[in-house]
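In UniProt numbering, the protein residues as written are 1 to 211.
The beta carbon of each residue, even a glycine, is placed where N, CA and C say it ideally should be.
Reviewing the structure listed below.
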């Protein structure tokens, strides 16, 4: 009986302690995995946001200069005399202000100068206006074209009028601002540099080319 008392029984709560320790380790492992997942999701979110901001900056926030062009024209009066030589015309020119930006382009008053061989033969007033985002604003202006200032060009002018083609150029500059999201304004200008021909037989313009 004494020998039995010399070997005490193992504690009854040994297995319970081991189970508690295993549960604690498992809980720590779950928390660690959860933290890793949160970090991964955060990194993915940051990368996605960076891509969105980059695309936004390269597209929406990139401001380009609008394009200013002569689109077409008609004549309400038309007088040509190859013998003199001389011409007098009233031209109704349709202009286009192409705005490819994501904000509207608001421009001030301006003028267009029409020239023959570098000498001005007419000037048109362009009123201030606004070209909406990603649209083309159409304007119509009236200009009187006369050969009054071309006395020194009689020989070349007579040749052009005789063959029925009068070459002209148009130049102008629209100064204004591109308004983005109603909070940003960037100064931009639209340059016009066009060449065209007046067909004196058809009383129309042709071969309009703008840079």
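**Q.** C-beta atoms of residue 99 and residue 134 nearer than 8 Å
**A.** Stepping through the chain shown from its first residue, residue 99 is reached at position 99. Stepping through the chain shown from its first residue, residue 134 is reached at position 134. Cβ atoms of residue 99 and residue 134: closer than 8 Å.
Q. Three or more beta-carbon pairs under 8 Å between the stretch 149-163 and the stretch 94-108, yes or no?
A. no
**Q.** Short Cβ contact (8 Å threshold) for residue 139 with residue 97
**A.** In the chain shown, residue 139 corresponds to position 139, counting from 1. In the chain shown, residue 97 corresponds to position 97, counting from 1. Closer than 8 Å, so yes.
Q) Just checking, does the stretch 110-128 make contact with the stretch 40-53 on the three C-beta pairs under 8 Å criterion? A) no
Q) By Cβ distance below 7 Å, which residues in the same chain neighbour residue 203 in space, the five residues on each side in sequence not counted? A) One-based indexing of the chain shown puts residue 203 at position 203. If we look at residue 203 and ignore the five residues flanking it on each side, its Cβ neighbours are 75, 78.
Q) Rounded to the nearest angstrom, how far is the Cβ of residue 121 from that of residue 147, given a contact under 8 Å? A) Within the chain shown, the letter at position 121 stands for residue 121. Within the chain shown, the letter at position 147 stands for residue 147. That pair is a contact at about 6 Å.
**Q.** residue 36 versus residue 23 - alpha carbon distance
**A.** As a working mapping, residue 36 is identified with position 36 in the chain shown. As a working mapping, residue 23 is identified with position 23 in the chain shown. If I take the Cα positions, the gap works out to 20 Å.
(Q) My output table needs one value for residue 55: the three-state DSSP class, helix, strand or coil. (A) Position 55 of the chain shown holds residue 55. If DSSP states are grouped into helix, strand and coil, residue 55 belongs with the helices.
Q) Between residue 119 and residue 198, what straight-line distance do the alpha-carbon atoms span, to the nearest angstrom? A) Residue mapping note: residue 119 aligns to position 119 of the chain shown, counting from 1. Residue mapping note: residue 198 aligns to position 198 of the chain shown, counting from 1. Spanning the two alpha carbons is a distance of roughly 16 Å.
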